[in-house]
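See structure below.
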Amino acid sequence: MAKRVTTTATAAAVDSAAGRPPGSQNREYVPLKVLPPACPRCEGTAFTPREQTVTRDISGEIDGRVYNRIVWAKACCEGCGQWVTFREYHLVGS
Ligand SMILES: [Zn+2]
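The sequence shown runs 13 to 106 under my numbering.
Encoded structure:
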């Protein structure tokens, strides 16, 4: 284990130290709502995915966002056994 080195901070060292300067405002954190996909039949959120997926380079627009690839993945709801298809859009520039 390395020896701990203790130093006394000088005024110049405090000014050039990384991090938030003393007395500055806290950063603003905007809350984002993230909801898991839910089964349309029982509203359960636990799925057992099939390993097989289908990927196609298809371009288009969804909700005003441009995508250039879609990935389809089938999964089975663990609550009621309903099979669902997840469609994942890969947005351009993200
Ligand atoms: Zn279900």
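Even glycine gets a Cβ: it sits at the ideal position worked out from N, Cα and C.
This structure is a prediction, so every number in the text was calculated from the model and none was measured.
Exposure of residue i, with buried meaning 16 or more beta-carbon neighbours within 10 Å
i	result
Phe107	Since the first and last residues shown for the chain are 13 and 106, residue 107 lies out of range.
Distance cut-off 8 Å: residue i Cβ against heavy atoms of ligand 1
i	result
Arg62	no
Arg77	no
Arg68	no
Arg53	yes
Gly31	no
Under the three-state DSSP convention, the category residue i falls into
i	result
Pro61	strand
Val96	strand
Proximity of residue i and residue j at Cβ, strictly below 9 Å
i	j	result
Glu100	Ala85	yes
Pro52	Val83	no
Tyr79	Leu44	no
Gly105	Cys54	no
Thr67	Arg81	yes
Thr57	Ala50	yes
Beta strand (DSSP E) runs wholly inside the segment 31-87, at least 3 long, in chain order: For the segment 31-87, the continuous beta strand (DSSP E) assignments of 3+ residues that do not extend past its boundaries occur at 59-68 and 72-74, in sequence order.
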